[in-house]
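Trainee:
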Amino acid sequence: MQQLNVSLQIPIPADQVLISKVELQKLKEQQLSGVYWNMKDLERQTNKKFDWIKENILFPSRFRKILDSENGGFVFYPKSKGQTWVFQANKMAAFLDKYFRQIFSK
12 MQQLNVSLQI
22 PIPADQVLIS
32 KVELQKLKEQ
42 QLSGVYWNMK
52 DLERQTNKKF
62 DWIKENILFP
72 SRFRKILDSE
82 NGGFVFYPKS
92 KGQTWVFQAN
102 KMAAFLDKYF
112 RQIFSK
């Protein structure tokens with residue numbers, strides 16, 4: 012069998028960098044670290060309205076036991092009028108990815 016050894020140089024523009032997929036994933040995760048969403052942010056992220064989010068994500072008991080900050084979760088459920096919903100963005104994003112199928116199946 013014949014073999015051909017080739018040396019190839021590919022220029023990378025000065026305004027760009029080459030990183031591994033693992034490093035890219037870490038950067039994406041860090042992007043939401045320390046960030047909190049309100050309900051409007053969650054509506055924007057999911058492209059769903061408040062009523063749908065409440066009915067399909069926040070209030071079903073199977074999810075609330077995971078989400079509610081009183082149970083060690085990462086969502087603050089308002090207890091009185093005037094309080095706002097608060098979501099830890101990185102953990103909520105991971106939850107939405109992990110439970111996508113369960114959220115959209117009834």
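12 is the number of the first residue of the sequence shown in my numbering; add one for each residue after it. No residue lacks a Cβ here, since even glycine has one placed at the ideal position from N, Cα and C. Please read all numbers here as calculations on a predicted model, not as lab measurements.
Are three or more beta carbon pairs between the region 95-114 and the region 32-47 nearer than 8 Å?
Mentor: The region 95-114 vs the region 32-47: in contact.
Trainee: Determine the closest residue to residue 48 out of 85, 114, 32, with distance taken between C-alpha atoms.
Mentor: Start at 1 with the first residue of the sequence shown, and residue 48 comes out as number 37. Checked all of 85, 114, 32; the closest Cα to residue 48 is 85.
Trainee: Out of 108, 57, 80, 113, which one is the CA nearest neighbour of residue 96?
Mentor: Translated into positions along the sequence shown, residue 96 becomes position 85. Taking only the C-alpha atoms, the option nearest residue 96 is 80.
Trainee: Quick check for students: name the residue ranges of the alpha helix (DSSP H) that lie wholly in the region 22-78, counting only runs of 4 or more.
Mentor: Those alpha helix (DSSP H) runs which fall completely within the region 22-78 and span 4+ residues are 32-43, 50-57, 61-64, 72-78.
Trainee: In this structure, does DSSP put residue 87 in helix, strand or coil?
Mentor: In the sequence shown, the residue the question calls residue 87 occupies position 76. Residue 87 falls in the strand class under three-state DSSP.
Trainee: By the three-class DSSP mapping on this structure, what secondary structure does residue 99 have?
Mentor: Taking the first residue of the sequence shown as 1, we reach residue 99 at position 88. It is a strand residue.
Trainee: Compute the distance between the beta-carbons of residue 106 and residue 77, then report whether it is under 9 Å.
Mentor: Taking the first residue of the sequence shown as position 1, residue 106 is located at position 95. Taking the first residue of the sequence shown as position 1, residue 77 is located at position 66. In contact: residue 106 and residue 77 (Cβ atoms closer than 9 Å).
Trainee: With burial defined as no fewer than 16 other Cβ atoms inside 10 Å of the residue's Cβ, what is the status of residue 21: buried or exposed?
Mentor: The sequence position of residue 21 within the sequence shown is 10, counting from 1. When all chains shown are included, residue 21 counts as exposed.
Trainee: Alpha carbon to alpha carbon, how far is residue 104 from residue 19?
Mentor: On the sequence shown, residue 104 is found 93 positions in, with the first residue counted as 1. On the sequence shown, residue 19 is found 8 positions in, with the first residue counted as 1. C-alpha separation (whole angstroms): 40 Å.
Trainee: Buried or exposed: where does residue 29 fall if 16 or more other Cβ atoms within 10 Å of its Cβ makes it buried?
Mentor: Position 18 of the sequence shown, counting from 1, holds the residue named residue 29. Residue 29 is exposed by the Cβ-count criterion.
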